[in-house]
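Chains as they are written, first to last, in my numbering: chain A, 487 to 881; chain B, 4 to 554. To start, the structure under review is shown below, and the notes come after it.
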């Protein structure tokens, strides 16, 4: 009898478990559609145009047995317009035979017009949807976001993969949804990388004039609205300021004969220390970078330390000017796009509280940048002397 | 010898009155021994016996009693003869269990050929006092029921007319398997002998390894009809006396009519009879048994089975193999970690697959997700049903291959593997990832060196799978919580089942997290008692000879 009692107790406990919320959210993997990318545009009628891109697993060759070879691209997109994002999402979902799973989304691409109007709605939607991961990358399209979704993948299986890799391998800034949401605390000022789009003919593709995507500018936002962008050269400055720099190639003229030398970045670190002066907020940015010589047209002796010191200082100036360019731009538009305010908050928490509400104006008027750049050229490559010197010596 | 200690058997020949008298001496726990309490167990007895004490000393009377008892026992032989002209004798023995030729050579010749006529008493006295029989040990017995026990155990009974003492000669002969390689606990480097069915041989195998008078073997008998010999084996001075007493008191509760294997005993003395986990370790290896005795554990050896049981046991011990102690310690440690990891795989892999693929697909790397998704595109069943189906097929295959006659077993596994692995995937009934998961799980469960523990995990896999299929990762977490709750409360003869992890005994980790080299394991595990833990005097790490002694 005691056993029966105990069994009943266990059965009751198990039944209680079934009242947990997760129990009924079971969806088989083949009844889901896994979103790759989310593309948001303005619609003509003032609403939103939502485009989602997803892979088609039944057209992927892996794991298939029997049947003919799959035809067509293994991915597709669906576009719907709605009065807001949720409306557009619902319209897409009601047309699809499978359930949308946001959990696998990798990037959100915002149309330029949409970004200029303000990215508040998408941030709200993304923050509320529990399945959407916070570390998905944000991008701004040069025109319409939907154009980006039909880029031709060459090295990847899916178009979105290409764009995601830009951020992942730090070819450009990697601004995530989390960064955007965090920036709301500082007035919604953020820097989101922009893509470029063009038509080109690629040998491997049948059709001419396929869409080609690259990355170039960085869009600057103020109060969640895009109001400007930073051009290519200063883009690196943004990444240095945000300590997101990983790989870059800098080409500078040699200090001896003005011929070009190219250096690739092997390691860099940025430290920022704010100094709260009465009339200014000075941000002391210390960059320690190590470079590797990848090509030299100059006849400079790369083995001579004193010569290379000069080259190093040229590189230092180059980095400094880029960071300053990026900083100047953000001051111009009066937005703390690089979240420098965060350092003030950490170092001067009590003072920060007073100026917090007025930070954007304070930033525009009183923020100053001090850059200390230390560049070391660590490696010269496998060659001791440039070919030019060897040739001239022979003569 | 200390009082209450059992005299060790010196030869392989069991004594006539068995453990009855001796076990009764062994302690109060054994007063309730099967044989002594037989009088109260009439209800279970197949024959309504004549009370043994009412049988007189007359040969005829005794013979009648024996004939009645052994009625319709076609293998009982009654052999009356007349010795020295006038002395009427009867031999009773069981055909096939006794070595009659030897008996004739050594005993019967002596009795028949002794010239002068003497009465039975003189004859017995001559044999007993002057050792004039070439038999090492024989017993005198006056009670007929005890004699009957002995006859059924393979002794030859010699009765004389008008003489109260009967003689019992231990001429038992037994067909037994020779010592062979272990069936389930194979090692690459290490001894290859294993226990057989005969307990005396088994005891010899053990005694050969531990040549110490501290190795105590207490003889007990269980089973109203089988009268199975059971030895309680331990190292005196190493084994905690409390443990010995606990085992004895639990053993004293046993009351059953037949013991055909060690599990009969095991199920009677377990701590938690409803637990799915084994609470005693079995082994068929004498070296494993000896090793565990030296650690301070206690063993129960049962006649008629090569499987001996040991207690206490912890979960970690089920993941250790005898091989660990014979290989080098780096390799052993690595293999151990492998086992620990794959124990989890064997228990949880299908459940994780079900939970993640149906509830949390975004947890998978995206290419894997797409591969799984593509493979599942055409499968008709939900992941849970698919997994249950495949796991069931795998279990059936395993059981089938195990039970089938040996030549057929091979073909079962081949056909089963082909049918399930190839055809089912090609037909689109199951998905390829699921086949991979199930096979990995199956292989992982073979990594567990102890079959009974592996069985527990195989069994627990199914409820976890169902929970995972209905509740996702929450289901797995709940099942893990339930299992760990059970494991934490589980004890094996007072030793916490999860020790030395819970409770945390860091010094025992030398034989858990790693397999420390032998010279570093200078202390016995504290599992079974803190006393007398020293194994060696100091850490005797081998080293090169120092400079002063170098050549």
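Cβ atoms here follow ideal geometry from the backbone N, Cα and C, with glycine treated the same way.
By the 10 Å Cβ neighbour count, where 16 or more other Cβ atoms means buried, how is residue i classified, buried or exposed?
i, result
"residue 166 of chain B", "buried"
"residue 280 of chain B", "buried"
"residue 179 of chain B", "exposed"
"residue 560 of chain B", "Chain B is shown from 4 up to 554; residue 560 of chain B falls before or after that span and cannot be answered."
"residue 230 of chain B", "buried"
"residue 478 of chain B", "buried"
"residue 544 of chain B", "exposed"
"residue 44 of chain B", "Low confidence applies to residue 44 of chain B: its pLDDT is 43, below 50, so where it sits in the model is not reliable, and the reading given next is rough at best. It counts as exposed."
"residue 340 of chain B", "exposed"
"residue 282 of chain B", "buried"
"residue 22 of chain B", "Residue confidence for residue 22 of chain B is low, a pLDDT of 39 falling below 50, so the modelled location carries little weight and cannot support an answer."
"residue 176 of chain B", "exposed"
"residue 530 of chain A", "exposed"
If you follow the alpha helix (DSSP H) that residue i is in, where does it begin and where does it stop?
i, result
"residue 477 of chain A", "Residue 477 of chain A lies beyond the stretch modelled for chain A, which goes from 487 to 881, so this question has no answer here."
"residue 201 of chain B", "Premise fails: residue 201 of chain B is in no alpha helix (DSSP H) and is neither H nor E."
"residue 740 of chain A", "That residue, residue 740 of chain A, is in no alpha helix (DSSP H); it is neither H nor E in DSSP."
"residue 229 of chain B", "Note, residue 229 of chain B: premise wrong, no alpha helix (DSSP H); not H, not E."
"residue 562 of chain A", "Taken as a continuous stretch (DSSP letters only), residue 562 of chain A belongs to no alpha helix (DSSP H), being part of the beta strand (DSSP E) at 561 to 568."
"residue 343 of chain B", "332 to 361"
"residue 431 of chain B", "That residue, residue 431 of chain B, is in no alpha helix (DSSP H); it is neither H nor E in DSSP."
"residue 267 of chain B", "265 to 272"
In the DSSP output, which residue or residues are listed as bridge partners for residue i?
i, result
"residue 781 of chain A", "A:748"
"residue 163 of chain B", "B:92"
"residue 698 of chain A", "A:684"
"residue 424 of chain B", "BP columns for residue 424 of chain B are empty, so no partner."
"residue 774 of chain A", "A:755, A:860"
"residue 623 of chain A", "A:593, A:662"
"residue 527 of chain A", "A:535"
"residue 314 of chain B", "B:301"
"residue 236 of chain B", "B:220, B:302"
Taking the alpha carbon of residue i as the point to measure from, which residue in the options has its own alpha carbon closest?
i, options, result
"residue 794 of chain A", "A:865, A:759, A:830, A:772", "A:865"
"residue 825 of chain A", "A:540, A:575, A:661, A:580", "A:661"
"residue 261 of chain B", "B:465, B:225, B:512, B:140", "B:225"
"residue 273 of chain B", "B:528, B:544, B:496, B:526", "B:496"
"residue 211 of chain B", "B:62, B:512, B:290", "B:290"
"residue 558 of chain A", "A:545, A:576, A:566", "A:545"
"residue 738 of chain A", "A:786, A:729, A:878", "A:786"
"residue 379 of chain B", "B:368, B:361, B:507", "B:361"
"residue 443 of chain B", "B:322, B:113, B:348, B:161", "B:348"
"residue 354 of chain B", "B:455, B:475, B:445, B:99", "B:475"
"residue 317 of chain B", "B:257, B:493, B:81", "B:493"
"residue 309 of chain B", "B:188, B:468, B:169, B:352", "B:188"
"residue 270 of chain B", "B:483, B:312, B:307", "B:312"
"residue 350 of chain B", "B:148, B:486, B:96", "B:486"
"residue 625 of chain A", "A:683, A:856, A:748, A:869", "A:683"
Got a sec, what are the start and stop residues for the beta strand (DSSP E) residue i sits in?
i, result
"residue 835 of chain A", "Per DSSP, residue 835 of chain A belongs to no beta strand (DSSP E); it is in the alpha helix (DSSP H), 835 to 841."
"residue 500 of chain B", "First-last for residue 500 of chain B: undefined, no H or E at that position."
"residue 455 of chain B", "Looking at the DSSP string, residue 455 of chain B is not in any beta strand (DSSP E); the run it does join, the alpha helix (DSSP H), is 454 to 474."
"residue 711 of chain A", "711 to 716"
"residue 304 of chain B", "301 to 305"
"residue 142 of chain B", "142 to 144"
"residue 85 of chain B", "79 to 86"
"residue 648 of chain A", "Here residue 648 of chain A belongs to no beta strand (DSSP E); instead the alpha helix (DSSP H) covers 645 to 654."
Report the three-state DSSP secondary structure of residue i (helix, strand or coil).
i, result
"residue 60 of chain B", "coil"
"residue 112 of chain B", "helix"
"residue 6 of chain B", "Here the model assigns residue 6 of chain B a pLDDT of 40, short of 50, so the residue's position is not dependable and the matter cannot be decided."
"residue 449 of chain B", "helix"
"residue 518 of chain A", "strand"
"residue 381 of chain B", "coil"
"residue 760 of chain A", "strand"
"residue 126 of chain B", "helix"
"residue 520 of chain B", "coil"
"residue 494 of chain B", "strand"
"residue 638 of chain A", "coil"
"residue 25 of chain B", "With a pLDDT of 41 at residue 25 of chain B, under the threshold of 50, the modelled position of this residue cannot be trusted, and the question is left open."
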